[in-house]
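Every letter in the sequence shown is one number past the one before it in the working numbering, and letter 58, counting from 1, is 58.
First the structure, in the form of structure tokens, and then the observations on it.
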Amino acid sequence: MFTFYDLNNNKVELSFGGPPFPMEPKHVLVLVQKDGKWLCALNEKRGVEFPGGKVEPGETLEEAAKREVYEETFVHIKDLKLFAHYMVYARKPFCKVVYLAKVEKIDSFLGQYETTGRLFLTMDEAVNHPCASFYMKDEGMKIMMQEVKKFERKWQH
Numbered sequence: 001m002f003t004f005y006d007l008n009n010n011k012v013e014l015s016f017g018g019p020p021f022p023m024e025p026k027h028v029l030v031l032v033q034k035d036g037k038w039l040c041a042l043n044e045k046r047g048v049e050f051p052g053g054k055v056e057p058g059e060t061l062e063e064a065a066k067r068e069v070y071e072e073t074f075v076h077i078k079d080l081k082l083f084a085h086y087m088v089y090a091r092k093p094f095c096k097v098v099y100l101a102k103v104e105k106i107d108s109f110l111g112q113y114e115t116t117g118r119l120f121l122t123m124d125e126a127v128n129h130p131c132a133s134f135y136m137k138d139e140g141m142k143i144m145m146q147e148v149k150k151f152e153r154k155w156q157h
């Protein structure tokens, strides 16, 4: 398990094993791969970030992951793989699940919801993008990028 402080100075615990946290995950983050690049949403307020969001009542984590990716990017996903869990000890603590997925189908981007576009970027391009969201810049994202590179090698075979 990795422990760090995010850019809002909240303690965060990140785990690549099973769910080590006492709180049920109610948020999802999805890292979607296509041809060696990763899907990013262009959030009109925060900038470039990986798609994700809150789980709605009655929805499974996997359903939330698929819905959030589609709402933000108009991309259908497949082959979801549980990748990580993290716990953010903010004023209102929350637990988030991180999935890896692959592109199934890409629809025309309509730009409704909170995003204005989608990009496919390498991991380095995503985290170093001049318009990268603050979510892309914390220590947890750096740790996830290192772990993704290890996982990618296994996933390709």
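Every residue gets a Cβ at the ideal spot worked out from N, C-alpha and C, and that includes glycine.
| Asked | Found |
| --- | --- |
| Short Cβ contact (8 Å threshold) for Phe-109 with His-27 | no |
| Whether Leu-29 touches Phe-120 by CB criterion (8 Å) | no |
| Close beta carbons around Glu-114, own chain, < 8 Å, minus the five adjacent residues each side | Asn-43, Glu-44, Lys-45 and Glu-72 |
| Cutoff 6 Å; reference Met-87; Cβ partners in own chain excluding five residues on either side | Glu-13, Phe-21 and Cys-95 |
| Cut-off 8 Å between Cβ atoms - residues of its own chain near Lys-102, not counting five sequence neighbours on either side | Val-32, Gln-33, Lys-34, Ile-77, Lys-78 and Asp-79 |
| Among Arg-67, Glu-56 and Val-127, nearest to Asp-138 - alpha-carbon criterion | Val-127 |
| Val-12 in three-state terms, based on DSSP | strand |
| Ordered list of beta strand (DSSP E) runs contained in the segment 59-137, each at least 3 residues | 75-89, 94-106 and 115-121 |
| Burial state of His-157, where buried means 16 or more other Cβ atoms lie within 10 Å | Reliability fails at His-157, whose pLDDT of 47 lies under 50, so the model's placement of it is uncertain and no value is given. |
| Assigned exposure category for Met-1 - 16 Cβ within 10 Å defines buried | exposed |
| Inter-residue spacing [alpha-carbon to alpha-carbon] between Asn-8 and Arg-91 | 11 Å |
| Coil, strand or helix - Glu-139 by DSSP | helix |
| Spatial neighbours of Tyr-135 in its chain, beta-carbon cut-off 6 Å, leaving aside the 5 residues before and after | Glu-49 |
| Backbone secondary structure at Lys-26 - three-state DSSP | coil |
| Selected residue, minimal CA-CA separation from Phe-83, among Tyr-5, Gly-47, Thr-3 and Lys-150 | Lys-150 |
| Straight-line gap, Pro-57 to Ala-64 (C-alpha atoms, nearest Å) | 10 Å |
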